[in-house]
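Remarks on the structure that follows.
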Amino acid sequence: AATQVAVAQDISKLPRVKQKLVAPPNVPAHDQVAKGGPKIVEIHMEFEEKLIEVAPGAKAWGMTFNGSIPGPLIIVHEGDYVELTLSNPKSSTLAHNVDFHAATGALGGAGLTLVQPGEEVVLRWKAVKPGVFVYHCAPGGTMIPFHVISGMNGAIMVLPRDGLKDAKGKPYTYDKAFYIGEQDFYLPKDDKGNFKTYGSPAEGMADMLEVSKGLIPTHVVFNGAVGAITGDNALKAKVGEKVLFIHSQANRASYPHLIGGHADLYWVGGSFSDTPLTSQETWFVPAGSAVAAAYEFHQPGLYVYLSHNLIEAVLLGAALHMNVEGKWNDDLMTQIKAPASFDAKAAMDH
Amino acid sequence: AATQVAVAQDISKLPRVKQKLVAPPNVPAHDQVAKGGPKIVEIHMEFEEKLIEVAPGAKAWGMTFNGSIPGPLIIVHEGDYVELTLSNPKSSTLAHNVDFHAATGALGGAGLTLVQPGEEVVLRWKAVKPGVFVYHCAPGGTMIPFHVISGMNGAIMVLPRDGLKDAKGKPYTYDKAFYIGEQDFYLPKDDKGNFKTYGSPAEGMADMLEVSKGLIPTHVVFNGAVGAITGDNALKAKVGEKVLFIHSQANRASYPHLIGGHADLYWVGGSFSDTPLTSQETWFVPAGSAVAAAYEFHQPGLYVYLSHNLIEAVLLGAALHMNVEGKWNDDLMTQIKAPASFDAKAAMDH
Amino acid sequence: AATQVAVAQDISKLPRVKQKLVAPPNVPAHDQVAKGGPKIVEIHMEFEEKLIEVAPGAKAWGMTFNGSIPGPLIIVHEGDYVELTLSNPKSSTLAHNVDFHAATGALGGAGLTLVQPGEEVVLRWKAVKPGVFVYHCAPGGTMIPFHVISGMNGAIMVLPRDGLKDAKGKPYTYDKAFYIGEQDFYLPKDDKGNFKTYGSPAEGMADMLEVSKGLIPTHVVFNGAVGAITGDNALKAKVGEKVLFIHSQANRASYPHLIGGHADLYWVGGSFSDTPLTSQETWFVPAGSAVAAAYEFHQPGLYVYLSHNLIEAVLLGAALHMNVEGKWNDDLMTQIKAPASFDAKAAMDH
Ligand SMILES: [Cu+2]
Ligand SMILES: [Cu+2]
Ligand SMILES: [Cu+2]
Ligand SMILES: [Cu+2]
Ligand SMILES: [Cu+2]
Ligand SMILES: [Cu+2]
Ligand SMILES: [Mg+2]
Ligand SMILES: [Mg+2]
Ligand SMILES: [Mg+2]
Ligand SMILES: [Mg+2]
Ligand SMILES: [Mg+2]
Ligand SMILES: [Mg+2]
Ligand SMILES: [Mg+2]
Ligand SMILES: [Mg+2]
Ligand SMILES: [Mg+2]
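Residue numbers (the working numbering), protein chains in the order written: chain A, 1 to 350; chain B, 1001 to 1350; chain C, 2001 to 2350.
Spelled out as structure tokens, the structure:
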């Protein structure tokens, strides 16, 4: 295609659009089918280091893209150019950069974007692979796992220009999309078993890396904290709506599952150039990747979306809530007889 | 299809069949290709809490569907209705319910089936997704992992009405099927390193959940105990038979492998609406899911079916035996020269 | 096909070729498309037990096929016969054998190949499944995980006779291939936290198995040692070259990722009879399997290939380096503005 052979001097003629990033689980406004040809999509992200509360009594120095864990979802189309301005404010204590799994060369951009506190860099790269992909900070050596397990990761969705296709190859359109970023934390404890707090990210680094070497997180959460997406923050949808879930885990395997629902479609590894799988109860996220799954809701009520290691979901925090409005469908499920005491002898005759 | 638009009042006219459930690794009698249209398949399951021996010296309170770990495999066809009577005997100490990953809405049925000791409930739901799916108890909060890691999980197989298809899309018929339910246990130890016993499930709950938070099981077993499917209980098949293996793991990833064999066909996530993969040495089971794999045996002898983390298989218990009768095929494998002492110098000339 | 029905007496007429095995990450010289019909491919492997240094200060008794961890990659075509001479030198302290995941029957050959120190055995088996598959030592019982986590594993590639196909079903030819064998080690420590050394493999067995029961490795490495494939040993390629990566992990899940690159093609489970997936950021290796992925390099520079649990990659050792020569492509990526101090106020107007 024409976009494949575009050379550098042509880029100056491409239209430019600014993408306004929003905090997850929301996603930026976007067209599912691209209007017109390739564009330069301008985005701006700013690093922010800040004390967060992962769970009551469990504080940590979060390192973030734009202040959220995960960082915002970016959305472009295949063949578009991402032009990223990356700012590290003076208030930061560490240098940061970004490695886009969707990009080609220079360690995904990490080799060209390391910015010290008070510095800014601009990187342009072309999105040639359709799918959903992780991005994360990768400043080198032990700083890499340290920054990633402190929250510095997000995802980009590179849509095919003509949109998604279902398992039969027919165009697939979703009604809404959510971005779920899963984060594993490895928070050090003191002698009494209480989580420790530190005066700066660097101060806690050695302790945190020591805990992390055991490979067992103290917390696994969506949106930066246990229960972040529940109550008033619960996801919302309606019966009949098709919802696209983008799920990233930059460091560990995850097993997304929607209690009471399914993945009608699941793009393995998040690749939109492959035929999606169907009818999945759990859709796997290999460590260091983002995937996509779509479901049309058929029943109203509360749904719980979790990683289906139920210990991680319930005891470590990897669960969120979703409220779906609409009319109950008795054909799909009915309580024929409510719980009531029974005659054990009669039951044995069944 | 007609089954998709069936409304509630039509259901009363559907034929009813009772399915007699059997203990795993056996599976209930069933047709691979459905005879006639959709049916209401009546099943009855009863909860049973009982002291089990996971390994010599390692007792635990098992919580079960129908007394077995895993619970029995249910088999229906796509478009059938499952009508489940679920009984919690007076002898139980806890409330239980069931969440079917194959069902739609109400937390997979969990929201409509919580029964206290002495109570019974009847739930009907429609099987709209073809594949193999986990079911498990999910009474809410920390009770969810507690019941699941105590054994309360099983699987249902929803066959396409016209049966399975191979990787070329041609009808595929198996000669026999086995259901392998893998269970991770997290049994607490006392100060001397011996496994503790408790007077009731509730008594051991806090300790067990504390162990489970470390995410490393003390045991990983098939059919509820180390070595449960060996010796007289080993699986049996004949050369030339095609065997379908249904493998579930409700809480953790698993890596089934058949030593000396393969998965000729492997349905990812257990989805029968997708083209199966072929020639798999290990077929992955994402946490919280059931998958299916089929193999035609070509050689007689002992096979070991295990989860191919060999530490888990050999040291934690995730292995079973299978004896296959028939005629050895020298073309596939021959011992050309039996082990014998050799001349090291000559060998170096090879 | 004719090769499928070949009977034992025909084999004597087949051409014989000797395959010269080489140390990983290199692969033996081979044709991608087979020349002529099925062959008998003669290989010789010798066990070697030797003290290795997994990381500075971390010595272990490596048990190996041909002296390397992993053992050498074997390459044949579907329908070929592998005729393996397996020698256990007198200097060995233990009996060893080999289980080929690609073989059919007799526990993958393990049941026919157990050789005591000073013995040799010859096994012939037919490669009927195309793909990449693990082989490993499996002497029975607790010796199985002990030998495998001591390094006794490798892989075989069984190419389709007409070579590989891409995602569109078109012939796919690679320019070079590398074999990456990932090894998890579970090295015991003394009271001071230093890694222990032992006088023989058997002497350290109980300690190592005890560590391994915790399922958390002390090291995860490529080619037997932390940093083995860096510096002068880094992989090399050129822009425009298509590189096939074969990645095996005989005991644990792995998450290969190429920083700055992708898997253009990824054969799930390593099966060459299935359509490969495309555009994968991470390509999953289920425990106990080998997979294959191919990438055409588009940018020069340093690439890091790792398992994308970044803790495992950076702190436990699962990373290697690759140097790619060629011309930088500004269209794919350009640093528009080098890092420089910025005006925070202006940035907020973006
Ligand atoms: Cu950073
Ligand atoms: Cu990365
Ligand atoms: Cu229960
Ligand atoms: Cu579940
Ligand atoms: Cu060995
Ligand atoms: Cu094996
Ligand atoms: Mg992805
Ligand atoms: Mg649906
Ligand atoms: Mg009954
Ligand atoms: Mg399933
Ligand atoms: Mg076969
Ligand atoms: Mg030799
Ligand atoms: Mg393989
Ligand atoms: Mg490419
Ligand atoms: Mg801005």
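Backbone N, C-alpha and C fix where the C-beta goes; we use that ideal spot for every residue, glycine too.
Proximal residues of chain C, C-beta to C-beta of Q1280 of chain B below 7 angstroms = Chain C residues near Q1280 of chain B: G2269 and S2271.
Interface positions of the segment 47-75 of chain A facing chain C (Cβ-Cβ less than 8 angstroms), listed along the chain = Listed by position along the chain: nothing, the set is empty.
task = Using 10 angstroms around the beta-carbon of R1356 of chain B, count the other beta-carbons present and answer buried if the total reaches 16, otherwise exposed.
result = The question about residue 1356 of chain B has no answer, for chain B in this structure spans 1001 to 1350.
task = At 8 angstroms on the CB atoms, spell out the chain A contacts of I1246 of chain B, in chain order.
result = Proximity of chain A to I1246 of chain B at the Cβ level (cut-off 8 angstroms) is not reached, the minimal Cβ distance being about 13 angstroms.
ask   = Using a threshold of 7 angstroms, is the CB atom of P2139 of chain C nearer than that to any non-hydrogen atom of ligand 5?
value = Yes, Cβ of P2139 of chain C sits closer than 7 angstroms to a heavy atom of ligand 5.
Extent of the continuous alpha helix (DSSP H) to which I2043 of chain C belongs = For I2043 of chain C, there is no enclosing alpha helix (DSSP H); the residue is found in the beta strand (DSSP E) stretching over I2040 to A2055.
key: The beta strand (DSSP E) enclosing A103 of chain A, as first and last residue numbers   = It is not in any beta strand (DSSP E) - A103 of chain A carries neither H nor E in the DSSP assignment.
Contact set between W2363 of chain C and chain B, taken where Cβ atoms lie within less than 9 angstroms = Missing from the structure shown is residue 2363 of chain C; chain C here goes from 2001 to 2350 and no further.
ask   = Between E2296 of chain C and D2264 of chain C, which are expected to be in contact by the criterion C-beta below 8 angstroms, what is the C-beta distance as a whole number of angstroms?
value = Going by Cβ atoms, the distance from E2296 of chain C to D2264 of chain C rounds to 6 angstroms, so yes, they are a contact pair.
query = From C:D2175, C:T2093, C:K2035 and C:I2040, pick the residue whose C-alpha is nearest to that of G2062 of chain C; which is it?
reply = Nearest Cα to G2062 of chain C within the set C:D2175, C:T2093, C:K2035 and C:I2040: C:T2093.
query = CB Q249 of chain A to CB I69 of chain A, shorter than 8 angstroms?
reply = Pairing Q249 of chain A with I69 of chain A gives a Cβ-Cβ distance that is not under 8 angstroms.
ask   = On the three-state DSSP scale, how would you describe A110 of chain A?
value = In the structure shown, A110 of chain A sits in a helix (DSSP, three-state: H, G or I).
inquiry  = Going residue by residue through the segment 143-221 of chain A, where are the continuous beta strand (DSSP E) segments of at least 3 residues, counting only ones entirely within it?
reply    = Under the rule that a run must span 3 or more residues, the beta strand (DSSP E) segments found entirely inside the segment 143-221 of chain A read 153-159 and 176-185.
ask   = Can you find a CB in chain C that lies within less than 8 angstroms of the CB of N1309 of chain B?
value = The beta carbon of N1309 of chain B falls within 8 angstroms of a beta carbon belonging to chain C, placing the residue at that interface.
request  = Report yes if the C-beta distance between A55 of chain A and G317 of chain A is below 8 angstroms; otherwise report no.
outcome  = Yes, they are a contact pair.
inquiry  = Counting only beta-carbon separations shorter than 8 angstroms, does H101 of chain A have a partner in chain C?
reply    = H101 of chain A counts as touching chain C.
G1057 of chain B versus I1040 of chain B - alpha carbon distance = Rounded to whole angstroms, G1057 of chain B to I1040 of chain B spans 44 angstroms at the Cα level.
query = Quick one: which chain B residues come within Cβ less than 7 angstroms of F2133 of chain C?
reply = Near F2133 of chain C (Cβ distances below 7 angstroms), the residues of chain B are E1281.
query = With a cut-off of 8 angstroms, does the C-beta of V1017 of chain B fall near any C-beta of chain A?
reply = At least 8 angstroms separates the CB of V1017 of chain B from every CB of chain A.
query = How about the segment 1239-1247 of chain B and the segment 1196-1214 of chain B: do they share at least three Cβ pairs that are nearer than 8 angstroms?
reply = Segments in contact, no.
key: Segment contact flag, the segment 1124-1140 of chain B with the segment 1095-1103 of chain B, C-beta cutoff 8 angstroms, min 3 pairs   = Contact holds between the segment 1124-1140 of chain B and the segment 1095-1103 of chain B, because three or more Cβ pairs, one in each stretch, are under 8 angstroms apart.
Beta strand (DSSP E) segments (min. 3 residues) lying fully within the segment 277-328 of chain A = Correct list: 277-280, 289-296, 301-307 and 319-325.
task = Compare the C-alpha of N66 of chain A against each of A:C137, A:G231, A:N323 and A:F185 and name the closest.
result = The residue with the shortest Cα to Cα distance from N66 of chain A is A:C137.
Span separating the alpha-carbon of G71 of chain A from that of L123 of chain A = Roughly 17 angstroms between the two C-alpha positions.
query = Can you name the residues that DSSP bridges to Q1410 of chain B?
reply = For chain B, the structure presents residues 1001 to 1350; residue 1410 of chain B sits outside this window and is missing.
query = Taking Cβ positions only, does Y1081 of chain B come closer than 8 angstroms to chain C?
reply = Y1081 of chain B does not count as touching chain C.
ask   = So, using beta-carbon positions, are T1282 of chain B and H1257 of chain B closer together than 8 angstroms?
value = Going by C-beta atoms, T1282 of chain B is nearer than 8 angstroms to H1257 of chain B.
message = Whole angstroms are fine: how far does the CA of K35 of chain A sit from the CA of L2209 of chain C?
response = Using only the alpha carbons, I get a separation of about 60 angstroms.
Same chain, Cβ closer than 7 angstroms to F116 of chain A, neighbours up to 5 away in sequence not counted = Before going further, note that residue 116 of chain A is Gln rather than Phe in the sequence given. For Q116 of chain A, where only same-chain residues beyond five positions count, the Cβ hits under 7 angstroms are N88 and A95.
query = By a C-beta neighbour count over all protein chains shown, 10 Å radius and 16 as the cutoff for buried, is E2203 of chain C buried or exposed?
reply = That one is exposed.
task = Measure the alpha-carbon distance for F1284 of chain B versus K2165 of chain C and round it to whole angstroms.
result = Cα to Cα, the separation comes out at about 24 angstroms.
key: Opposing strand residues paired with K1236 of chain B [DSSP bridges]   = According to DSSP, which records beta bridges pairwise, K1236 of chain B is partnered with B:N1323.
Sub-8 angstroms separation of V1291 of chain B and H1219 of chain B beta-carbons = Taking 8 angstroms as the Cβ cut-off, V1291 of chain B and H1219 of chain B do not qualify as a contacting pair.
inquiry  = Can you pull out the residues from the segment 20-39 of chain A whose beta carbon lies closer than 7 angstroms to at least one beta carbon of chain C?
reply    = Those would be none; no residue qualifies.
query = Looking at C-alpha atoms only, which residue of A:V304, A:S150 and A:M45 is the closest neighbour of A206 of chain A?
reply = When only C-alpha atoms are compared, the closest one is A:S150.
message = Let me check understanding here. Comparing Cα to Cα, which of C:I2043, C:K2050 and C:E2120 lies closest to L2073 of chain C?
response = Selection C:I2043, C:K2050 and C:E2120 evaluated against L2073 of chain C yields C:I2043 as nearest (Cα-Cα).
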